[in-house]
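Taking it in order: structure first as structure tokens, then the write-up.
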Ligand SMILES: Nc1nc2c(ncn2[C@@H]2O[C@H](COP(=O)(O)OP(=O)(O)OP(=O)(O)O)[C@@H](O)[C@H]2O)c(=O)[nH]1
Ligand SMILES: [Mg+2]
């Protein structure tokens, strides 16, 4: 049998995932990828469009907080009505990022999975901190996700020589991009580093420009930035693929 889901391959569907699905008792149902996580439901992109899905009882009870589906997970669902569904199974998760709630490992929550690259964003002001960047790099590498350092707000007039010196040990091993949403050529270079079908996430402190960078990369406003509202975007996680 072969995998013929051409459009989902843009979202990362692979022969390996196809084989994993064949092992599930629900292998004859639809599959798709979670693209947005709401409080009690999920938006799942499937071959025939996006379905708003809830979890079946089996998917809710007896699970640890980090075992609940998250954005990026591949799931099997039973479609019903137009564009609705019930998630009945989840394919084994790989390359995930987690967040510790209340600083406790036992309370950790998955925030994104099947991530290929993590753009670790800092802004070139007080936020710039080499040790923090190193910690993020170590964390994403543990999950076999490729780290990329993005130093944003280059237009603020930083001391480039000092910055280059501070990060040279990182730049020897990993890609580093110096960006500004006000300098289109820096955004172009960042975009060229993302390949088709790849899943990338943006991580970093609030206000460093993650949403602005995603918007600049997409060439349109897909996420709110703090200029517009401080409270929007809750429950959504920035998970950008290329297209
Ligand atoms: N000068 C300058 N400002 C920028 C740049 N990128 C983003 N900003 C501004 O920084 C502020 C925060 O940007 P956001 O994109 O909302 O930051 P964020 O990282 O998404 O923040 P959270 O969503 O809170 O995590 C906004 O006012 C942006 O306009 C840049 O390259 N240069
Ligand atoms: Mg944001």
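Numbering (my numbering), first residue to last: 29 to 271. Note that CB positions come from ideal geometry on N, CA and C, so glycine has one too. These numbers come from a predicted model, not from an experiment.
Straight-line gap, residue i to residue j (C-alpha atoms, nearest Å)
i: residue 74; j: residue 127; result: 27 angstroms
i: residue 96; j: residue 57; result: 20 angstroms
i: residue 83; j: residue 116; result: 7 angstroms
i: residue 107; j: residue 138; result: 25 angstroms
i: residue 91; j: residue 119; result: 15 angstroms
i: residue 46; j: residue 88; result: 24 angstroms
i: residue 112; j: residue 253; result: 30 angstroms
i: residue 215; j: residue 55; result: 41 angstroms
i: residue 158; j: residue 152; result: 11 angstroms
i: residue 178; j: residue 225; result: 21 angstroms
i: residue 262; j: residue 175; result: With a pLDDT of 35 at residue 262, under the threshold of 50, the modelled position of this residue cannot be trusted; read the value that follows with caution. When rounded, the distance between both Cα atoms is 25 angstroms.
i: residue 70; j: residue 105; result: 11 angstroms
i: residue 242; j: residue 38; result: 18 angstroms
Those residues which DSSP pairs with residue i across a bridge
i: residue 178; result: 149 and 205
i: residue 138; result: 126
i: residue 107; result: 113
i: residue 230; result: 147
i: residue 118; result: 103
Nearest-angstrom beta carbon gap, residue j and residue i [assumed within contact, 8 angstroms]
i: residue 208; j: residue 183; result: 4 angstroms
i: residue 144; j: residue 204; result: In fact, because the Cβ distance is near 18 angstroms, the residues do not count as touching under 8 angstroms.
i: residue 194; j: residue 173; result: Residue 194 to residue 173, Cβ: 23 angstroms. No contact.
i: residue 165; j: residue 101; result: Not really, about 24 angstroms apart at Cβ, beyond 8 angstroms.
i: residue 123; j: residue 170; result: Not really, about 10 angstroms apart at Cβ, beyond 8 angstroms.
i: residue 155; j: residue 233; result: 6 angstroms
Exposure of residue i, with buried meaning 16 or more beta-carbon neighbours within 10 Å
i: residue 199; result: exposed
i: residue 180; result: buried
i: residue 150; result: buried
i: residue 141; result: buried
i: residue 110; result: exposed
**Request:** Note down, one range per segment and in chain order, each beta strand (DSSP E) of at least 3 residues found wholly within the segment 31-100.
**Result:** 58-65, 70-74 and 77-83
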